[in-house]
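Here's the structure we're looking at; comments come further down.
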Amino acid sequence: MSNLLEKIEHYRRLFADQVSRVKEARGVEELRQLFLGRKKGHLTLLFEEFKTLGPEEKKSAGRMLNELKSEIQNRLAELEQKLQAPARVEQLEDLTLPGRQLYWGAPHPITLFQREIERIFVSMGFSVEEGPEIETDYYNFEALNFPPHHPARDSWDTLYINDRLLLRTHTSPVQIRVMEKKKPPIRIIIPGKVFRRETPDPTHLPMFYQVEGLVVDRGITFAHLKGTLEYFLKALFGEKIKLRFRPSFFPFTEPSAEVDIECIVCGGQDRNCRVCGGSGWKEILGAGMVDPQVFKNVSIDPEVYSGWAFGLGIDRTAMFAFQIPEIRQFYENDLRFLRQFNRR
Amino acid sequence: MKISYAWLKEYVNLNLNPEELADCLNQIGLMVETLTRFEDDTVFEIETYANRPDTLGHLGVAREIATLLGLSLKTRNWPLRELPQTTAEMVDINILDPQLCPRYCGLVVKGVKVGPSPDWLKKRLEAVGLRPINNVVDISNYVCFSLGQPIHTFDLSKIKGARIIIRKARKGEAIRTLEGETAELDPEMLVIADETTPVAIAGVIGGEESGITETTTDVFIESANFNPVSIRLTAKKLGLSTDASYRFERGVDPNAAPAAAVMAASLLCEFGGRVSRGLLDVHPAPRKPRTVNLRLRRVNELLGLEIEPDFVVKTLSGLGLKLKEQGPLVWTAEIPGFRVDLEREADLVEEVARFFGYDRIPSAVTPVKSFDLPADRKRDRVWRLKEVLFHHGFDEVINFSFADPEKEQLWQTGCRPIKLQNPISSKLSILRTSLLPGLVENAVWNFNREAEGVHIFEVGNIYYWEEEEVHRENLNLGILTTGLRSGRTWREAEKETDFFVLKGAVEDICGYLGYEQLSFEPVEHPFFEPGQALKILVKNELVGLLGLLNASLARGYDLERPAYCAEISLQELLSRQPRPFSFQPVPRYPGTSRDLSFLVDDSLTYQQIQQQLQKLNIACLENFLIYDRFQGKSLAPGKVSFSVRFYFRHSARTLQTEEVDRAMREIISQLKSTLKIQLR
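Chains as they are written, first to last, in my numbering: chain B, 11 to 354; chain H, 34 to 713.
Written as structure tokens, this is what we have:
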């Protein structure tokens, strides 16, 4: 008999201890199972034991046992209610206070613009290639049909490392590297950093970004070049932009073209426009049909294959698109400049 | 190149207004940059190309316009008042290096009265931005800007022995040029010499001594042709660029030399001059004109249109090419000497396209016949890691690849820097060997401009000599965090950044890119404060460093706040195979957790504890998390308290309390023996 009373007292203390630690609703259920579980609950077992007692003993033990059971039931129910009740939210008086905002880092505008360009070309089935920034004279010039000591090199003023190595002045050497490795059909764009020996001023820097495109296959024509670049520039600047193709010269294309787009700042209406100089047109990219000599340099037969290529300055195009007055701002990395592009 | 409308009209009858003419010039690629009035003339500043020296004279531009408009060029006559003597009787011309001087024409004009030019001539020159000097010099400029053939005039009396010798300079020779500077000559340079000394630097500039002065009466006219590469090298070496060298280095038509000499002589006759009889024309090895085959089929194939054969013939003939039909719709074109750019069929296709008009060529979609799979996922991964950093609130920067060697040296990057041969300035004279100096400069720049915190990263190459003659460019990631992490709001005080902000970003980059087995080891490195830096290891291979920027480095840049930075070699990191993604079924049975707080010696690092916990071999232990670390007065000295929450789950059924109890006992006993933990 005293044994059962002691057990009741033990479980009373055990329950008190355990119930004080319950922090979640599922803890309530665990405790209910532990104490009141239909087969192995502590109290269920005590009631089994209670049945074996004599009538006198049943009297006092029964009362205690029932008290404990209802105490446990009440306590658990109370706790359950408390834990399951929706957490009462502090009532705010002023809901117009600002919310909690998260700062999301800003991609560099060059990265952003480069990705826009890549996206347009990837949607046309182009793949993206890269190449080294330190190049040899062969890849940067010779293979691209720049004769040694030719004045054509003057427009690609070069930073040299030694007699053999230089910093690439354009992304075009990657054309050569890809065509050396891969047979047509080729359909690639090549974004990357390029370097020129230019003294910094508002529109020139010794380092900037270019993206180059190259298509080589049977039956590729100048009309394909036009169609693709028109689509690209409309995708970038909007359906209504006007374009102009005019003849130009690059050693690695023949025929060569330059593409102007209508000045989006003045629309050709301002004689003193600081963006287009009053001409109404802004030079945006250089292009052309791959020069047969370039094909010969990479052992592609120009009688069988033809191709087109273009190159565009990412910085300058971004300057034009966003009307950024100075190219230098891209590389000053002023957060007040950079963070604006987060909203684009 | 400035082109005068009035001057053009000397060669072709035009009655367009200047704006219409500008449109014509643009269509054929002679891009008009500016159009300005000059008195009653209009001047076009046109863009010329390195392969088109023929457009460096008004005749060449007139030829283009005439072809476009279907007009013919005017022929001009240059009558001479001749002397009884022949040129050969008066001067001797001797080419010693026919490689560098393929042709040399000379005429003598005697009795010239040197003086100011007449107004018409002054006006022509002023229109294109040339300063009139005297009639003789002005005439040579007029000829040059008409025909594109530079000519030079000497005072015949200053040419000793009346001998013109075209030779390479001798060692130690020098010449005082018309600009009044002394040029040191070297034996690679071609000169025009008399019996004793050089009187001009061939194709570049004349000598002062033999130049035309007010007392000159007898003029020797040089109209010659020089090797483009030789002229370019000489001009570059001397740092000189003249109207003559600019044309010669692009290639001048050898056949233009006689006509230019005659034109100059004829004009000098207007000033009392009488010309020696017979042009002295030294032309040791005349070259046959180049021929190029052209197929109409090829024109159409490259341009993507159907062009009329008549248009091809008319255009190319207008440009001075002589076409012979070689078969059905195939021609052989004889290229005139002034078109140095026309060498292959494609070059002729461009001529047809230019005059047809690029704007009239149709547009078509480039056909796709196959798609390439991306070669590797490297570019995607680089973007992914940028996204992780954006999410952590880092802004992306791009710095120059150039560095200042003095500043770079402070960093002791351990990489041998690559120097530039011809840098823009000493401060940009090497290529960077680390991304961190640039990031530190960005931080300072922004702190000086009201920023309270700078959290930035850059992905870009570093460059170095790996060994003699072997250079490397290595793609790196640099991260820097300094100053306030977030500003004050009505709910929260501002927060200062710390080491774990940076470390969390690094861990997340590796985590989200699938690089598991990330670990860190203490390291001493010149970038960082002693004891405040870690190596970053993936699968026990070093991929980068992170830590608190060394205080003396920071002082060197006037960076006052502590800055935490990391530099990771993406070349190393991305060359590793990330864990391939595999889907795990969502658990069907509930899990449970237990907390454990314990004391260990404070010499134990978290990473050591973590490694022991990872070694626990408990079947239903799903995960664990350290959620508290505490060290302080209430603890015994030399002790530190950790609290760990353990998560348990069975994949096939609900866990029993007893199983979890057993697991916890097992964990405690294992940790007691491995880490000597004391339960709290």
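The C-beta atom is built at its ideal place from N, Cα and C for all residues, glycine as well. Just so it is clear, the structure is predicted and the values come from calculations on it, not from any experiment.
Q. Does any CB atom of chain H fall closer than 9 Å to the CB of Met134/B?
A. Taking the first sequence and counting its residues from 1, one reaches residue 134/B at position 124. It does: the Cβ of Met134/B has a partner Cβ on chain H nearer than 9 Å.
**Q.** Cβ pair Ile294/B, Leu243/B closer than 9 Å
**A.** The residue labelled residue 294/B in the question sits at position 284 within the first sequence. The residue labelled residue 243/B in the question sits at position 233 within the first sequence. Result yes, Cβ atoms of Ile294/B and Leu243/B sit closer than 9 Å.
Q) Taking C-alpha atoms, which residue in Asn174/H, Ala207/H and Thr687/H lies nearest to Leu163/H? A) Indexing the second sequence from 1 puts residue 163/H at position 130. When only C-alpha atoms are compared, the closest one is Asn174/H.
Q | Inter-stretch contact at 8 Å, needing at least 3 Cβ pairs: the segment 90-108 of chain H / the segment 219-233 of chain H | A | no
Q. Listed in chain order, which residues of the segment 63-76 of chain B have Cβ atoms closer than 8 Å to some Cβ of chain H?
A. none
Q.
Could you check whether Phe281/H and Ile264/H sit closer than 9 Å to each other, using their CB atoms as the reference points?
A. Start at 1 with the first residue of the second sequence, and residue 264/H comes out as number 231. Start at 1 with the first residue of the second sequence, and residue 281/H comes out as number 248. Contact flag set, yes.
Q. Sorry if obvious, but does the Cβ on Asn573/H come closer than 8 Å to a heavy atom of the ligand SAH?
A. Summarising the ligand content, the structure contains no ligands, and the ligand SAH is consequently not present.
Q. Skipping 5 residues on each side, what residues in its chain have a beta carbon closer than 7 Å to that of Glu341/H?
A. What you label residue 341/H is simply residue 308 of the second sequence in a count that begins at 1. Excluding sequence neighbours, Glu341/H sits near nothing in its chain.
(Q) Using the three-state DSSP reduction, which class does Gln28/B fall into: helix, strand or coil? (A) The sequence position of residue 28/B within the first sequence is 18, counting from 1. Helix at Gln28/B.
Q. Which residues in chain B sit within 8 Å of Glu506/H, going by Cβ to Cβ distance?
A. If you number the second sequence from 1, residue 506/H lands on position 473. Result: Pro142, Glu143 and Ile144.
Q. Sorted by chain position, which residues of the same chain lie with C-beta nearer than 6 Å to Leu15/B's C-beta, five sequence neighbours on each side aside?
A. As a first step, residue 15/B must be located in the first sequence, where it is residue number 5. Nothing meets the Cβ criterion.
Q.
So, with DSSP's three-state summary, where would you put Gly135/B?
A. To locate residue 135/B, count along the first sequence from 1; it is residue 125. Three-state DSSP puts Gly135/B in coil, outside helix and strand.
**Q.** The beta strand (DSSP E) enclosing Cys717/H, as first and last residue numbers
**A.** In the structure as shown, chain H starts at 34 and stops at 713, and residue 717/H therefore has no counterpart that could be examined.
Q) Out of curiosity, what's the CA-to-CA distance linking Leu668/H and Leu712/H? A) Taking the second sequence and counting its residues from 1, the one referred to as residue 668/H is at position 635. Taking the second sequence and counting its residues from 1, the one referred to as residue 712/H is at position 679. Rounded to whole angstroms, Leu668/H to Leu712/H spans 12 Å at the Cα level.
Q: Kindly give me the distance between the Cβ atoms of Pro319/H and Ile368/H, rounded to whole angstroms, as I take these residues to be in contact under 8 Å.
A: On the second sequence, position 286 is the one that residue 319/H refers to. On the second sequence, position 335 is the one that residue 368/H refers to. 15 Å between Cβ atoms; not a contact.
Q: Run down chain H in chain order and give the residues with a C-beta less than 9 Å from the C-beta of His160/B.
A: Taking the first sequence and counting its residues from 1, one reaches residue 160/B at position 150. Per Cβ cutoff of 9 Å: Ala83, Asn84, Pro261, Val262, Arg265, Glu282 and Arg283.
Q.
Alpha carbons only, please: which of Thr625/H, Leu637/H, Ser636/H and Leu513/H is nearest the one belonging to Pro595/H?
A. Position 562 of the second sequence, counted from the start, is the residue given in the question as residue 595/H. Considering only alpha carbons, the answer is Leu513/H.
Q | His234/B, DSSP secondary structure in three states | A | Taking the first sequence and counting its residues from 1, the one referred to as residue 234/B is at position 224. The answer is helix: DSSP assigns His234/B an H, G or I state.
Q) How many Å lie between Phe25/B and Leu688/H at the Cα? A) Numbered from 1 along the first sequence, position 15 holds the residue referred to as residue 25/B. Numbered from 1 along the second sequence, position 655 holds the residue referred to as residue 688/H. Straight-line Cα distance between these residues: approximately 22 Å.
Q) Would you report the Cα separation of Leu177/B and Leu510/H, rounded to the nearest angstrom? A) Taking the first residue of the first sequence as position 1, residue 177/B is located at position 167. Taking the first residue of the second sequence as position 1, residue 510/H is located at position 477. Computed Cα separation, rounded: 21 Å.
Q: Give me the Cα-Cα distance between Phe382/B and Lys193/B, rounded to the nearest whole angstrom.
A: No answer is possible for residue 382/B: it lies beyond the span of chain B, which begins at 11 and ends at 354.
Q) In whole angstroms, what separates the C-alpha of Gln617/H from that of Ser684/H? A) Along the second sequence, one-based indexing puts residue 617/H at 584. Along the second sequence, one-based indexing puts residue 684/H at 651. Computed Cα separation, rounded: 11 Å.
Q: Please list, in chain order, all residues of the same chain as Glu441/H whose beta carbon is under 8 Å from its beta carbon, the five residues on each side excluded.
A: Taking the second sequence and counting its residues from 1, one reaches residue 441/H at position 408. If we look at Glu441/H and ignore the five residues flanking it on each side, its Cβ neighbours are Pro450, Ile463, Arg465, Thr466, Ser467 and Pro470.
(Q) Please list the terminal residues of the continuous alpha helix (DSSP H) segment that includes His424/H. (A) By 1-based counting over the second sequence, the position of residue 424/H is 391. Unbroken alpha helix (DSSP H) run through His424/H: Lys411 to His424.
Q) Any beta-carbon of chain B closer than 9 Å to the one on Met496/H? A) The residue given as residue 496/H occupies position 463 in the second sequence. Looking at the sequence itself, residue 496/H is Tyr, so the reference to Met does not match. Answer yes: the Cβ-Cβ gap between Tyr496/H and chain B drops below 9 Å somewhere.
(Q) Under 9 Å, Cβ to Cβ, is there at least one residue of chain H near Asn282/B? (A) Your numbering for residue 282/B matches position 272 in the first sequence. Output row for Asn282/B: interface = no.
Q: Use the C-beta contact count for Asp173/B: other C-beta atoms within 10 angstroms, 16 or more gives buried, fewer gives exposed.
A: Locating residue 173/B in the first sequence gives position 163, counting from the first residue. Exposed, because fewer than 16 other Cβ atoms sit within 10 Å of the Cβ of Asp173/B.
Q: Taking only the alpha-carbon atoms, compute the straight-line gap between Lys92/B and Asn352/B and give it to the nearest angstrom.
A: Residue 92/B sits at position 82 when you count from the first residue of the first sequence. Residue 352/B sits at position 342 when you count from the first residue of the first sequence. Roughly 45 Å separates the two Cα atoms.
(Q) Beta carbons nearer than 8 Å to chain B: which residues of the segment 334-349 of chain H have them? (A) Glu334, Leu335, Leu336, Gly337 and Leu338
(Q) When you compare the CB of His488/H with every CB in chain B, is at least one pair closer than 9 Å? (A) To locate residue 488/H, count along the second sequence from 1; it is residue 455. Answer yes: the Cβ-Cβ gap between His488/H and chain B drops below 9 Å somewhere.
(Q) Using beta carbons (cut-off 9 Å, strictly below), is Thr238/B in contact with chain H? (A) Here residue 238/B refers to the residue found at position 228 of the first sequence. Cβ-Cβ to chain H under 9 Å: yes for Thr238/B.
Q | Between the CA atoms of Glu605/H and Glu376/H - distance to the nearest angstrom | A | For the purposes of this step, residue 376/H is identified with residue 343 of the second sequence, where counting begins at 1. For the purposes of this step, residue 605/H is identified with residue 572 of the second sequence, where counting begins at 1. One C-alpha to the other measures close to 48 Å.
(Q) Just list the residues that DSSP pairs Pro231/H with in beta bridges. (A) Walking along the second sequence from the start, residue 231/H turns up at place 198. Pro231/H is bridged to Ala226/H.
Q. Is Leu586/H helix, strand or coil by DSSP?
A. Sequence index remark: in the second sequence, residue 586/H carries index 553 (1-based). Here Leu586/H sits in helix by DSSP.
Q) Can you round the beta-carbon distance between Ser434/H and Met217/B to whole angstroms, since I take them to be within the 8 Å contact cut? A) As a first step, residue 434/H is located in the second sequence; it is residue number 401 there, counting from the start. As a first step, residue 217/B is located in the first sequence; it is residue number 207 there, counting from the start. About 6 Å; that satisfies the 8 Å criterion.
Q: Could you say which of Cys653/H, Leu654/H, Gln664/H and Asn650/H lies nearest to Ser630/H if we only look at CA atoms?
A: In the second sequence, counting from the first residue as 1, residue 630/H sits at position 597. Among Cys653/H, Leu654/H, Gln664/H and Asn650/H, the Cα nearest to that of Ser630/H is on Gln664/H.
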